[in-house]
Structure formats: structure tokens, C-alpha cells
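Q: Taking our numbering, I'd label the letters of the sequence shown as residues 1036 to 1658.
Please find one structure pasted underneath; my questions will follow.
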Amino acid sequence: MSKWSANIAAVAKHFWGEPSKETKTELRFGSQGSKTVDLQAGTWYCFETEKGGGVVDLIESQLPDVDVAQFLEDVIGLPMELKDDFEYTFHTNKETIYDYQDEQGNTIYQVVRYEPKTFRQRQQVNGRTVWNLQGVTLLPYKLPEIHKNPDKPVYIVEGEKDVQRLESLGILATCNSGGSGKWTKEHSKYLEGRNVVIIPDNDEPGKKHTRVILSSLQEKAKTIKVIDLPGVKPKGDVFDWLQDHTIKDLLQLVEDTKVLSNKPITAIPIMSIQEVINMEPVPWLIQDYIPENSMAMIYGAPGSGKTFIALDMALHIAHGKEWHGKQLTKGEVFYIAGEGVGGLRKRLQAWHKYYGIEAIAPCHIIPQAVGFLSEEEMTNLVDTIHKIKKDQVKLVIFDTVARCLSGDENSAQDIGEAIKQMDNIRNTFNCAVIPIHHSGKDRDRGARGSTALIGAVDVSLKVERLDKVVAMVTEKQKDAEAMEPVVFETYQVYTDELELGDESSLVFKISDKQYNKKDKLTLAQKELLAALREAMEDQPVSPGGKVPGPAVLEKTWRQYAYNRTITASDSIEAKRKAFARSAKGLLQLGKVEKYQDYVWEVMGQPGQKQNVPQKQEKSWYDE
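Shown next, in the form of C-alpha cells:
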């Protein structure tokens, strides 16, 4: 490793901060270790961007226009005597220069390969070498040869070295600059109507590169074959494979490989484990409650306040105003008022008067139901939104499901069609969709009708009126921790003081009151109680002493609870948190008691605890 490469640790820390993991040979950055530095080789790699290289590449990935040598001297403190060494090493350890030419053979830009294996791209601008490709039309490598041989199949590989190896064997080959995943539609247009053979590298970036090429070339190329090189080593390529095989072996392999269907194959996306791990967290439309591009159901009994809450959310988003202390993303809102607009007039007036805001915002009211089961009506709705919207649509509200569903609420098929149509709205505009729904006669059993709806939504918010307050309880939050119940107080706002004097509406304001509906259990708490009773039947213990009767071990209870639906997520961590949260609630309600490792159900009135020692060890209820 050269003297200037030894500075890669300092460069990486300058841009990425302190590493999450550090050894004598390696640095890792990020919570998932997505950025790595090889201290022995003096190289780096980012799994998120699938880019890497040496010191120069790292600097230029962060500061494309910087003088690298000057940066090392000024920022990192590279000694002046090493600057010349840097310049010499960098500019003399060239392995190959690859010219990217247009169809007429004019060099448009170059890729330069150095040792250790790093690549830089450059162009000539007004007689000056510029080390980037800004403003350059990207071209496939060996374009003049492709243009001169219209009847020959074109082999696509990942690197210029592979292209030259195949060229030496009489095969017409090409690649793109920039490495894996950088193939574009600009490259594909030169291969329209051609027979194409793709030979990917034997690694995950190679597979991703193939998917990118296929999505771009599908329906453009005459035929496409993807070659799986038998026996190629991990991370190996066609260059490596040809060390042990002949050109005849390769041509026979191509001959035996079936042509792919010319239909697009991008309908079913495939992601690697690393791609999933490195996904960005789900952005919030309303922090902690409504994710962007989600389906969030708000339901409750008639008169519970569910429409007030939905309309309150809609107006805050349209005006770009924080929702009761929660940050949100501003955008256009469409509100399908399936139950008519008569009741909305006073509510809209009262809301704007209460907040002192002029009633001008991109919140569009559709004054009638739009039928989920009518393809024509749903198509018209999409067309209408496209025509009206001036900014990015963030939310579409259907008030209510019953009004927009001409079929049977109890029919999984009809509800399934409604879900399909709402998903179409969500995906078309990349927005959140809120269906407002009614609870059943037994309000503790959730939303009315088919359970297909609760299964499909990402978020379920239950609204219930308790005396003079309204509570909103998060019953389902697929991709995040469920929030504690929030309580709203209602304020009466007179909307027409000059003429009628008695025309008023309510406005909701968050309260510091606690949600303490007596003896009211969440679904998760009910599941925990059922699990406790089941464990008591199967594995009871009677330790005696300060445990007043039969009990179960806490770990046994946890095991039985994990086998039930206590959270929407299947992860152990989510189950652990759900168990801790719900068990704490049962303890506070006086439904269960615990001493040391033993747990039992408290019989009798809620809140009536049995006589047990007051001093308890930290456990699940303290997590």
C-alpha cells in the first residue's frame, strides 16, 4: 500500500464520523456497518450505493470537484513531501485507459484503471481534463464495433477488461462505465433490435446489474439470453471462467441457453437481504401515527368523533400545520364525503376560526360517495385527482367505507375489491389512504364487517367517546411501535355569531388527561390474559410462601404469549416490546400480579390487588 493510501482511515472518518466498529484491519461505519474500509488494502466499499475504490475515489464521491492532492494536504494533513509521492503514484500506476467513443469513432470520455483496483472517469472540456462525466451522454463501450456489425450478437459484461478478453476471441462485447447497476436507457437504445447475451458476474451486484439491464432492454432487444457460467468462482466473471474453458465451451453454453420471454419481467421485484437491511425508514405523513404511502383505518361507533379526527388530520396536512405537536408532511388532500357535505360546513368553519387561519388550502372535498365496486367511478376519481392536483397528493380519505361500498361489508370478496381500489389510489399517487369505518355492535370486537380490511391496513386507529373526551387508540401499527392512547377534549366554536348566534361546531384539542377507561383492555392485553390462563391449565406451579396460590413461571407465560397475535410484526424484538407494554398495563389494572419469577391472574374487581410484597425486582413491567 502506498504512503497516501495509508491516509484512508483519516479520510473516511472525516466524511463519515467515528466508526461503529474498528479493528486492526477494518473500519465499519453506520448502524448496520454499510460502509467498510480495508485498512490493509487502503480501499473502501459502500453496500448502500455499491461503490468503492481507493482514497481518490472516496474523496471524489463526496467532493466531485475538489483537488484531491490539495485536499489531502489541507484537510487530512498529508505531509508536503508526500504530495509529490501522491501525484507520482496516482499518475504513474495506470493499468489501462479505455476510450468510450461515439458511432463515428470520436472519443467522448475515458475510464482509467489504476492499481490497486480503482477506476476514474474523465473528459476533455476546452482542452482541460475534467475528472467527472457531467453533461456527457453515456455510451456503451466499443460502440463503433457494435455499429459496424449489425448482425452479430452483442455480449454484455460488467467490465472493460472482460470486453477486451471476449474481443480477442472474436466476440462482439460491450459494457457500461461506472460498474454494476449503471446501465441506462441511453445504453439500451443502441441495442434495439439486436440479439443480446448477458453474462453477469457471480455475486449479488452482478445479479442486480442483470435486473437493471433486463428492465431497460426488455421489448427493445430482438432476443435476450442470460448465461449462468457453470463452476465460476464466487465474485468471478467471464474473464476468470475463460481461464479454464475455451471459446467453444462458451459458444456451446450460449447455444444451449433458452431465449428469455420478450415480455417485461419487472412485475415481481426481488431484493437482496442487504438491500432490505439498508432500506430507508418509512417516512411519516403524521409522525408516529400515519406513514406515507400507507392505508390507515380510522373506525369507531356513530358519534364517536372519527370524522372530526380525520378532517382535523386532513386540514393540518393541507395547511402544513403540526398535528397536535407531531410533525407532518404538507401536501394536497382529497376528502370523499360519502355521507354528504352538510355536516362538514360548520366543522370547516369552526376549525379555521379556532386556529385563526384563512380557509384557503389544497384540501379538496368530493361531495358524494365514489363506489369501490364501480370500475368507472374509481377511474373517474383517479382522473379527477390528476386533473385537479397542483402539488403532490399526500392523503385521500374515504368517509365512510359503508357509503362507498355498494356491496356487502361482510363479504371478503367485496371488501377485497375495496382494498384493491384503495391500493390503486395509494400506488398511483404515492399517498396515504384513510378509510373511515364503523365499529360493530360489540365495540370491543373491532371494526364492522369482514376482517379482510383490518388485515390489509397498515394502521388501525380506534376512536371512542368517553364522557366529555374522545380517545384515539392505536390498535395496529405495522412498521413501528404503537403509540399510547391520545385523549382529545372538545371545544365549542360558534361559527355564525352575527346572524344565528347558536350555530356552532366542535374542534378537537389534545388533552393531558389519561386514557383510563375502566377495565378496558387492548387486544394485546386480552391475548396476554388468554395466554396466562392457557399456561395455568397446562403448566401450573404452586411455590407457596408469598405466592398466594397457583401460578406460572414468567418465561412460560411469555412463551405462550409469543404464540398468539400480540403484535402485527413477527419479529422477536417486536413481540418482546409488545409483551412488556401489555404486561405492564395488566399489572397497573390489577389484572395480574408477579412475585420474583411467578405470575398469576388476580381474581375479583379490577384494581383490587392481593397482598404481596411491595418491593419487586426489575422485570417485564419496568422495560
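The beta-carbon is built from N, C-alpha and C at its ideal position, and this holds for glycine as well.
None of the values given here were measured: they were computed from a predicted structure.
#1: Going by other Cβ atoms of all chains shown within 10 Å of its Cβ, with 16 needed for buried, is M1314 buried or exposed?
#2: In terms of alpha-carbon separation, which member of D1449, V1436, L1496, D1443 lies closest to H1472?
#3: Confirm the yes/no value for this check: CB of P1397, any heavy atom of the ligand ADP, distance under 8 Å.
#4: Could you tell me the alpha carbon to alpha carbon distance between P1266 and W1276, rounded to whole angstroms?
#5: Whole-angstrom Cβ separation of G1368 and I1352, contact assumed at under 8 Å?
#6: Please state the DSSP three-state secondary structure of G1378.
#7: Can you give me the C-alpha to C-alpha distance between I1392 and M1332, rounded to a whole angstrom?
#8: Where are the beta strand (DSSP E) runs, 3 residues long or more, that stay fully inside the region 1431-1486, in chain order?
#9: Note the first and the last residue of the continuous beta strand (DSSP E) segment covering H1222.
#10: Ignoring anything shorter than 3 residues or poking outside the region 1250-1292, list the beta strand (DSSP E) runs there in chain order.
#11: Near A1041, what residues of its chain come up, given a Cβ to Cβ distance below 8 Å and the 5 sequence neighbours on each side ignored?
#12: Taking contact to mean at least 3 C-beta pairs separated by less than 8 Å, is the region 1083-1100 in contact with the region 1129-1144?
#13: Between which two residues does the alpha helix (DSSP H) harbouring M1348 extend?
#14: Might you give, ordered along the chain, the residues of its own chain that have their beta carbon closer than 6 Å to the beta carbon of H1387, omitting 5 neighbours on each side?
#15: Among residues of its own chain, excluding the 5 on either side of F1343, which ones have a beta-carbon nearer than 6 Å to its beta-carbon?
#16: Near V1417, which residues of its chain fall below 8 Å by C-beta distance, leaving aside the five closest residues on each side in sequence?
#17: Work out the CA separation of P1318 and V1311 for me, nearest whole Å.
#18: Can you list, in chain order, the residues of its chain with a C-beta nearer than 8 Å to that of K1293? Leave out the 5 residues immediately preceding and following it.
#19: Taking D1573 as part of the beta strand (DSSP E), name the residues at either end of that continuous run.
#20: Touching or not, the region 1172-1185 and the region 1205-1221, by the rule of three or more beta carbon pairs under 8 Å?
#21: Would you check if the distance between the CB atom of N1305 and the CB atom of R1246 is smaller than 9 Å?
#22: Buried or exposed: H1421, going by 16 or more other Cβ atoms within 10 Å of its Cβ?
#23: Tell me which residue opens and which closes the beta strand (DSSP E) that T1153 is part of.
#24: What are the boundary residues of the alpha helix (DSSP H) that N1415 is part of?
#25: So which of L1074, A1447, T1172, K1056 has the shortest CA-CA distance to A1045?
#26: Could you say which of P1397, E1569, F1106, L1588 lies nearest to V1576 if we only look at CA atoms?
#27: Taking the C-alpha atoms as reference points, what is the distance between C1398 and V1428?
#28: In this structure, does DSSP put Q1594 in helix, strand or coil?
#29: Checking the sheet assignment: what are the DSSP bridge partners for M1306?
#30: The beta strand (DSSP E) that contains V1091, what's its start and end?
#31: Pull the bridge partners of W1635 from the DSSP assignment, please.
#32: Is the beta carbon of R1157 less than 9 Å from the beta carbon of Q1169?
#33: Please list, in chain order, all residues of the same chain as Q1574 whose beta carbon is under 8 Å from its beta carbon, the five residues on each side excluded.
#34: Determine the DSSP secondary structure at T1245, reduced to helix, strand or coil.
#35: Got a sec? Which residues, its chain only, sit under 7 Å from E1053 by beta carbon, not counting five neighbours each side?
#36: Using the Cβ count rule (16 or more neighbours within 10 Å means buried), how would you classify T1153?
A: Result, derived from the coordinates:
#1: Along the sequence shown, read from residue 1 onward, the residue named residue 1314 stands at position 279. So M1314 ends up on the exposed side.
#2: As a position in the sequence shown, residue 1472 is number 437, starting the count at 1. Per the Cα distances, V1436.
#3: By its list of ligands, the structure shown contains no ligand whatsoever, and the ligand ADP lies outside what it can speak to.
#4: Within the sequence shown, numbered from 1, the residue matching residue 1266 stands at position 231. Within the sequence shown, numbered from 1, the residue matching residue 1276 stands at position 241. In the sequence under discussion, the amino acid at residue 1266 is Gly, which differs from the Pro named in the question. About 8 Å.
#5: By 1-based counting over the sequence shown, the position of residue 1368 is 333. By 1-based counting over the sequence shown, the position of residue 1352 is 317. The sequence as given places Val at residue 1368; Gly does not occur at that position. That pair is a contact at about 6 Å.
#6: Along the sequence shown, one-based indexing puts residue 1378 at 343. Looking at G1378 - three-state DSSP - the assignment turns out to be helix.
#7: Taking the first residue of the sequence shown as 1, we reach residue 1392 at position 357. Taking the first residue of the sequence shown as 1, we reach residue 1332 at position 297. Those two C-alpha atoms are separated by around 28 Å.
#8: 1467-1473, all fully within the region 1431-1486.
#9: Reading the sequence shown from its first residue, position 187 is the one you call residue 1222. H1222 -> not in any beta strand (DSSP E); alpha helix (DSSP H) instead, spanning 1220-1223.
#10: With a minimum length of 3 residues, the continuous beta strand (DSSP E) runs that stay inside the region 1250-1292 are 1258-1261.
#11: The count along the sequence shown starts at 1 and reaches residue 1041 at position 6. Counting only Cβ-Cβ distances below 8 Å, and skipping sequence neighbours, we find G1077.
#12: no
#13: Taking the sequence shown and counting its residues from 1, one reaches residue 1348 at position 313. First-last of the alpha helix (DSSP H) with M1348: 1341-1354.
#14: For the purposes of this step, residue 1387 is taken as residue 352 along the sequence shown, with counting starting at 1. A1394.
#15: Residue numbering aside, residue 1343 sits at position 308 when the sequence shown is read from its first letter. Counting only Cβ-Cβ distances below 6 Å, and skipping sequence neighbours, we find F1543.
#16: Stepping through the sequence shown from its first residue, residue 1417 is reached at position 382. Counting only Cβ-Cβ distances below 8 Å, and skipping sequence neighbours, we find N1459, I1460, T1463.
#17: By 1-based counting over the sequence shown, the position of residue 1311 is 276. By 1-based counting over the sequence shown, the position of residue 1318 is 283. Approximately 16 Å, taken between the alpha carbons.
#18: As a working mapping, residue 1293 is identified with position 258 in the sequence shown. Within the same chain, K1293 has close Cβ partners K1260.
#19: Within the sequence shown, the letter at position 538 stands for residue 1573. Per DSSP, D1573 belongs to no beta strand (DSSP E); it is in the alpha helix (DSSP H), 1558-1573.
#20: yes
#21: Position 270 of the sequence shown, counted from the first residue, corresponds to residue 1305. Position 211 of the sequence shown, counted from the first residue, corresponds to residue 1246. It is Ile, not Asn, that sits at residue 1305 in the sequence shown. Yes, the Cβ-Cβ distance between I1305 and R1246 is below 9 Å.
#22: Looking up residue 1421 in the sequence shown gives position 386. Answer is exposed; the Cβ neighbour count stays below 16.
#23: Within the sequence shown, the letter at position 118 stands for residue 1153. Taken as a continuous stretch (DSSP letters only), the beta strand (DSSP E) holding T1153 covers 1153-1160.
#24: Here residue 1415 refers to the residue found at position 380 of the sequence shown. Counting along the chain, N1415 sits inside the alpha helix (DSSP H) bounded by residues 1410-1423.
#25: In the sequence shown, the residue the question calls residue 1045 occupies position 10. Of the candidates L1074, A1447, T1172, K1056, the one whose C-alpha sits nearest the C-alpha of A1045 is L1074.
#26: For this step, residue 1576 is matched to residue 541 along the sequence shown. Checking every option, the nearest Cα to that of V1576 belongs to L1588.
#27: Position 363 of the sequence shown, counted from the start, is the residue given in the question as residue 1398. Position 393 of the sequence shown, counted from the start, is the residue given in the question as residue 1428. For C1398 and V1428, the distance between alpha carbons rounds to 10 Å.
#28: Stepping through the sequence shown from its first residue, residue 1594 is reached at position 559. Of the three classes helix, strand and coil, the one that applies to Q1594 here is helix, per DSSP.
#29: By one-based count along the sequence shown, residue 1306 stands at place 271. Per DSSP, none; premise fails for M1306.
#30: For the purposes of this step, residue 1091 is identified with residue 56 of the sequence shown, where counting begins at 1. Run containing V1091: none in the beta strand (DSSP E); it sits in the alpha helix (DSSP H), 1090-1097.
#31: To locate residue 1635, count along the sequence shown from 1; it is residue 600. According to DSSP, W1635 bridges with E1628.
#32: Locating residue 1157 in the sequence shown gives position 122, counting from the first residue. Locating residue 1169 in the sequence shown gives position 134, counting from the first residue. For R1157 and Q1169, no; Cβs fall outside 9 Å.
#33: In the sequence shown, counting from the first residue as 1, residue 1574 sits at position 539. Hits under 8 Å: V1587, L1588, T1591.
#34: Stepping through the sequence shown from its first residue, residue 1245 is reached at position 210. Residue state, collapsed to three classes: helix.
#35: For the purposes of this step, residue 1053 is taken as residue 18 along the sequence shown, with counting starting at 1. Exclusion of the five residues before and after E1053 leaves no residue of its chain whose Cβ lies closer than 7 Å to its Cβ.
#36: For the purposes of this step, residue 1153 is taken as residue 118 along the sequence shown, with counting starting at 1. So T1153 ends up on the buried side.
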